[in-house]
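**Student:** If you scroll down you'll find the structure; I have some questions about it.
In our numbering, the protein residues as written are 1019 to 1520.
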């Protein structure tokens, strides 16, 4: 008796931790350059080059100015500003660091400025000028309390965060030391040019650890080290409390740290972890990459240490130097994989998602090419056994429900356990034309839904589908798969006792 199974939802995304017949029907054994959705999988859109920046890009930042406008800043061999057409040099000293971090504060006049930490002394961007921070000279009373200004010792500024009304900086020659600025009682807010000599603390002193990042999270300052993670609690210097977070490892890639919803994601040697606040408002951690362990193991440690992350429209992007980018959907809690995105930095600006790669800046756009190159789409389903793992089946027909441009040619392969069979291409005899429309804002005339029917006659215990589109610069969406099959009798074996006719 023939039966039909339909698979309309692959929203659980990639799962490469087990053999492909053991994952659920809503998961995929492999996926590349696909956007996962509920009831659909679509080819991702691409990006285009917007400008040449200069030397290798080491940082990017969106500066929200006091007048309500914003500026896109990128650091290469020097700081540059985007004017809508190209990047303009900002007067100031050249950059010698391999990574730049930014934060916005108020100066002593109340104007918003950008502080820059790029492995040298602290810099400030104000009034279209980049300059070194001028050390504040304390008065006689201030020299006694809170003390002398120690900003001259911060000649290796790497990481910054604003917590409890103060600026915290990792910039001392002691690799596990955090310094914090003074709150001026006359101004009523923290200043960035006065770091009293007593305003510091050391983290993991007995473990020879190194700080690789600072992030403000809930009511704490999270201090990421290479082999451990710590949290600083308290509102004033009198009640600061430093607590080690119970995590199995620290952070390997400083630029992988990113706030994602109510969590902080970071990359360790083996996994992406998410830090979250528990019921007692303390910080704990969980593994985010449990479903893609094989993918994570295949990435060399040298690549992991250089990974960079971005967050845009509910998705966490983790890009590696070889171009592989892992994308986590916060809403669906699933992973997919993009290729050919060799990002050195990510930044959100004016409602768009930008990234820097080597000496150029790119922006993601709603077209289906990567700066003129086709985007290779591929998805592989699980091995469907229709709930009967050892039962033989005869496969009669396969239907692929999809959305594609008119005249489109799609590559489909059927994998019967070990043997792959190429599927037929769509033609007038096996395509049902439901409607015609225009795809989004592009000019492609397309069929609203193709129903590609493939006649087969194969006996197997399980079947998987491989759907790919490698060479076309056009949109494509998969809505579902239908399989018509027939259960076959079990064959008798010489053992007898394990065989039964049905």
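Glycine residues also receive a C-beta, built at the ideal position from the N, C-alpha and C atoms.
Please read all numbers here as calculations on a predicted model, not as lab measurements.
Can you name the residues that DSSP bridges to residue 1366?
**Tutor:** 1371, per the DSSP bridge assignment.
**Student:** Apart from the five residues just before and just after residue 1083, which ones in its own chain have a Cβ nearer than 7 Å to its Cβ?
**Tutor:** Taken in chain order, the residues that qualify are 1089 and 1130.
**Student:** Report the partner residues of residue 1023 according to the DSSP bridge assignment.
**Tutor:** Looking at the DSSP assignment, residue 1023 forms a beta bridge with 1501.
**Student:** Classify residue 1170 as helix, strand or coil using the three-state DSSP reduction.
**Tutor:** Residue 1170 falls in the helix class under three-state DSSP.
**Student:** Where does the unbroken alpha helix (DSSP H) through residue 1319 begin, and where does it stop?
**Tutor:** First-last of the alpha helix (DSSP H) with residue 1319: 1319-1322.
**Student:** Measure the alpha-carbon distance for residue 1449 versus residue 1415 and round it to whole angstroms.
**Tutor:** Interpretation of residue 1449 is limited by its pLDDT of 34, a score under 50 that renders its predicted location unreliable; the figure taken from the coordinates is listed afterwards. Taking the straight line from one Cα to the other gives about 14 Å.
**Student:** Taking 8 Å as the limit between beta carbons, can you name the residues of its chain near residue 1495, skipping five residues before and five after?
**Tutor:** 1058, 1059, 1060, 1061, 1420, 1421 and 1422.
**Student:** If residue 1110 sits next to residue 1091, beta carbons under 8 Å apart, how far is it from one beta carbon to the other, in whole angstroms?
**Tutor:** The Cβ separation is near 12 Å, so there is no contact.
**Student:** Near residue 1442, what residues of its chain come up, given a Cβ to Cβ distance below 6 Å and the 5 sequence neighbours on each side ignored?
**Tutor:** Any reading at residue 1442 must be qualified, since the residue scores a pLDDT of 42, below 50, and its modelled position is unreliable; the value itself is stated next. Closer than 6 Å at Cβ, skipping near neighbours: 1472.
**Student:** Give me the DSSP bridge partner(s) of residue 1055.
**Tutor:** Its beta-bridge partners are 1058.
**Student:** Give the straight-line distance between the Cα atoms of residue 1148 and residue 1028, rounded to the nearest whole angstrom.
**Tutor:** Each residue's Cα considered, the two are about 50 Å apart.
**Student:** If you run the structure through DSSP and keep just helix, strand and coil, what is residue 1156?
**Tutor:** Coil at residue 1156, not helix or strand.
**Student:** Is the separation between the beta-carbon of residue 1221 and that of residue 1227 shorter than 9 Å?
**Tutor:** Cβ atoms of residue 1221 and residue 1227: closer than 9 Å.
**Student:** For residue 1195, collect the residues of the same chain with a Cβ closer than 6 Å to its Cβ; drop the 5 residues on either side in sequence, then sort them by chain order.
**Tutor:** Excluding positions up to five away in sequence, the list reads 1218 and 1220.
**Student:** Which residues in the same chain as residue 1208 place their Cβ atom closer than 6 Å to its Cβ, once the five residues preceding and following it in sequence are excluded?
**Tutor:** The residues are 1183, 1184, 1185, 1199 and 1201.
**Student:** Roughly how many whole angstroms lie between the Cα atoms of residue 1021 and residue 1492?
**Tutor:** Using only the alpha carbons, I get a separation of about 35 Å.
**Student:** Please classify residue 1087: is it buried, with 16 or more other beta-carbons within 10 angstroms of its beta-carbon, or exposed?
**Tutor:** Answer is exposed; the Cβ neighbour count stays below 16.
**Student:** What does DSSP give as the partner residues of residue 1175 in its beta bridges?
**Tutor:** BP columns for residue 1175 point to 1138.
**Student:** With contact counted as at least three CB pairs below 8 Å, one residue from each stretch, are the segment 1336-1353 and the segment 1040-1060 in contact?
**Tutor:** They touch, by the three-pair rule.
**Student:** By the DSSP assignment, the beta strand (DSSP E) with residue 1312 in it spans what residues?
**Tutor:** Element bounds for residue 1312: not the beta strand (DSSP E) but the alpha helix (DSSP H), 1311-1315.
**Student:** Just the C-alpha distance for residue 1306 and residue 1486, rounded to the nearest angstrom, thanks.
**Tutor:** Between residue 1306 and residue 1486, the C-alpha separation is close to 27 Å.
**Student:** Taking residue 1247 as the reference, give the member of 1301, 1163, 1475 and 1215 with the closest Cα.
**Tutor:** When each option's Cα is compared against that of residue 1247, the closest is 1301.
**Student:** Measure the alpha-carbon distance for residue 1533 versus residue 1126 and round it to whole angstroms.
**Tutor:** Given a span of 1019 to 1520 for the chain in the structure shown, any question on residue 1533 remains unanswerable.
**Student:** For residue 1019, which residues from the same chain have a beta carbon less than 8 Å from its beta carbon, with the 5 sequence-adjacent residues on both sides left out?
**Tutor:** Cβ within range, chain order: 1504 and 1505.
**Student:** Distance check for residue 1490 and residue 1385, CA to CA, integer angstroms please.
**Tutor:** Whole-angstrom Cα-Cα distance: 12 Å.
**Student:** Could you pull the DSSP bridge partners for residue 1300 from this structure?
**Tutor:** Paired residues: none, contrary to the question.
**Student:** From what residue to what residue does the beta strand (DSSP E) around residue 1295 run?
**Tutor:** Note, residue 1295: beta strand (DSSP E), 1290-1295.
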